[in-house]
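**Q**
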Amino acid sequence: MRESGSWRPRDGSSSEPGTGTGMSRSEQPAAGPAAAAPVPETLLCGWGRTAVRGIEVRDEALQRAAAGLPLTRGLGRSYGDSSLPPPGSTRVAGSALADRVLSFDPESGRLRAEAGLGLAEMSRLMLHQGWFTPVSPGTQHVTLGGMVASDVHGKNHHVAGTIGRWVRELRIALADGQIVDCSREQHPDLFLATLGGMGLTGHILEVELQLERVPSAWIVRESFRLPDLDRLLARLEEESRRWPLTAAWMDTITRRRGEQGTLGRGILYVGRWAEGDEAPSRPARAPRPLPLPFELPSGLLNRATLRWFNRLVYASHWRAHRRDVVPALRFFYPLDRVRRWNLAYGRRGVTQHQSVLPRQSANQGIRELLEVLADAGACSLLTVVKDCGEQGDGMLSFPRPGMSLALDIPIQRDADATRQVIDRLNACVIRHQGRIYLTKDGFTRAEDFRHMEPRLERFLEAKRRWDPSGALRSAQSDRLGLTAQAAPRASGAAEPAVAPPPALAGASSP
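Each residue of the sequence shown is one higher than the last, beginning at 2 in the numbering used here.
#1: Cα separation between residue 45 and residue 56?
#2: Closest by CA to residue 146, which one among 409, 298, 479 and 199?
#3: Considering just the uninterrupted stretch of the alpha helix (DSSP H) at residue 232, what are its terminal residues?
#4: Helix, strand or coil for residue 256, going by three-state DSSP, please let me know.
#5: Just how far apart, CA to CA, sit residue 317 and residue 342?
#6: In whole angstroms, what is the alpha-carbon distance linking residue 61 and residue 102?
#7: Between which residues of its own chain and residue 172 is the CB-CB distance below 6 Å, once the five residues before and five after are set aside?
#8: Restricting to Cα atoms, I'd like to know which of 282, 347 and 407 is closest to residue 326.
#9: Tell whether a beta-carbon distance below 7 Å holds between residue 403 and residue 335.
#10: Per DSSP, what are the beta-bridge partners of residue 340 in this structure?
#11: Does residue 380 come out as helix, strand or coil in the three-state DSSP assignment?
#12: Just reading off the beta strand (DSSP E) that residue 182 is part of, what are its end residues?
#13: Just the C-alpha distance for residue 141 and residue 47, rounded to the nearest angstrom, thanks.
#14: Beta strand (DSSP E) containing residue 354: first to last residue?
#15: Could you check how far apart the C-beta atoms of residue 254 and residue 311 are, in whole angstroms? I think they sit under 8 Å.
#16: What is the C-beta distance between residue 202 and residue 468, in whole angstroms, given that I count them as a contact (C-beta under 8 Å)?
#17: Per DSSP, what kind of secondary structure is residue 270 in: helix, strand or coil?
#18: Which value, in whole angstroms, describes the spacing of the CA atoms of residue 447 and residue 106?
#19: Can you list the beta strand (DSSP E) stretches of 3 or more residues lying completely in the region 129–212, in chain order?
#20: Once the 5 residues before and after residue 308 are set aside, which same chain residues still bring their CB inside 7 Å of it?
#21: Whole angstroms is fine: what's the gap from residue 167's alpha carbon to residue 415's?
#22: From which residue to which residue does the beta strand (DSSP E) around residue 322 run?
#23: Ends of the beta strand (DSSP E) at residue 45?
#24: Compare the beta carbon distance of residue 246 and residue 272 with 7 Å and say whether it is the shorter of the two.
#25: Which of helix, strand or coil does DSSP assign to residue 123?
#26: Below 7 Å between beta carbons: does that hold for residue 440 and residue 427?
Right, dumping it as structure tokens:
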């Protein structure tokens, strides 16, 4: 991470470099015409290996890089097409160079940083000082802006909510170039539409976030081996009342001959931060990641090979109950131990279907989703179940009270066959009044998403207000009708009155 040679706090007083207080790039003198060097066209990919040819424009001044572009992307860890340019466009802004910490108060844990700051770098800087992100997704290779745009959740959603609960203020570049500071008190509709809004309300430039005080860099972890779906889900719900961190791995393939009950056996992991007297005295170092050096053949991961893989994973946890103390980064990010693990799915790639179902029908709904997968002859290499707490206040925030199920599904030779599997999974989600996670989606149809999302019109009203021309788009937003002007309306529905954005005190232009 780079440090500016001209640091100063926002009040204009002097500050030494490295004190954690800096001048926002949007407040620095405008750069001359010599902006970023031309960027060659390349393949822009989602983590599921969905790819299009395009150009990612990067600049240390994200405001400048994003000018006139429909979307900003971070590190490309969303699975599908949410970080890819829409049809007819080839250029998106990249935030990776805009990664400075602008201010940090070590007493209160209040952090302000540019949107391109990576979670891995933030953890490196803050964990040894006793602070950590209050909510973390399953990988640390994401940016702060991307976390906000997805309104990410983690293993502690049932107690901590999504990252949006901890965001105090955002600085956003609108499509017309205006720079707006927003919060729950100032322009709250823009703020709440941006939490989980997939970058469609504006280019997130800066994030002010409240960090969590932690007693050590270690996690007390316990794990339980459970023989079937009913007992796994019941134990997950029970342990979530006692532990702040919970998640379960599930075997979606193995079933004992003649026994229905063994579907969905798995391993439940629970954890909490280790207190000082519980933590080892040695530094909490996560293992060095191992690279996956080459792309595996497409089709290698199928029901037959995954059956043996799942048996190995389940058998390796040969005790019914284990307890240990592990480095926090190892607990939160087990998949980061293998670099580029998505190459395991081959050239065709992978899609993740992650849904959340209401608590009252979660057990039956999850069983039906697994049966859909089996009936279609599809499989999931990695299946994770989490307990979800109260719904966040982001207009399109994913979690709601209930349980979430994430299925990593290899894309078949005929992509339409994979789309049909997703259609059937979505029909089940709709039947149980659940919804899907946009950050993972690459196949859902617009009509299915509208059936899942009763909050959509409220989001679109905010988008029409702050982006009246519909300039902010992605491949996903076009597919799902999230661009306000493209969203179909119910027959006979009146067009809502949409006011232009209010006159913005102190708003600036690039």
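The beta-carbon is built from N, C-alpha and C at its ideal position, and this holds for glycine as well.
**A** In short:
#1: Computed Cα separation, rounded: 7 Å.
#2: 199
#3: 230–241
#4: coil
#5: So the two alpha carbons sit approximately 21 Å from each other.
#6: In this model, residue 61 and residue 102 are separated by some 13 Å (Cα to Cα).
#7: Closer than 6 Å at the Cβ level, and outside the excluded window around residue 172, lie 182, 206 and 207.
#8: The residue among 282, 347 and 407 with its C-alpha nearest the C-alpha of residue 326 is 282.
#9: no
#10: 292
#11: coil
#12: 180–183
#13: 16 Å
#14: 351–359
#15: 6 Å
#16: 7 Å
#17: Here DSSP, grouped into helix, strand and coil, assigns residue 270 to strand.
#18: If I take the Cα positions, the gap works out to 44 Å.
#19: 168–174, 180–183 and 204–211
#20: 254 and 255
#21: 42 Å
#22: Counting along the chain, the beta strand (DSSP E) containing residue 322 begins and ends at 322–328.
#23: For residue 45, the enclosing beta strand (DSSP E) stretches over residues 43–46.
#24: yes
#25: helix
#26: no
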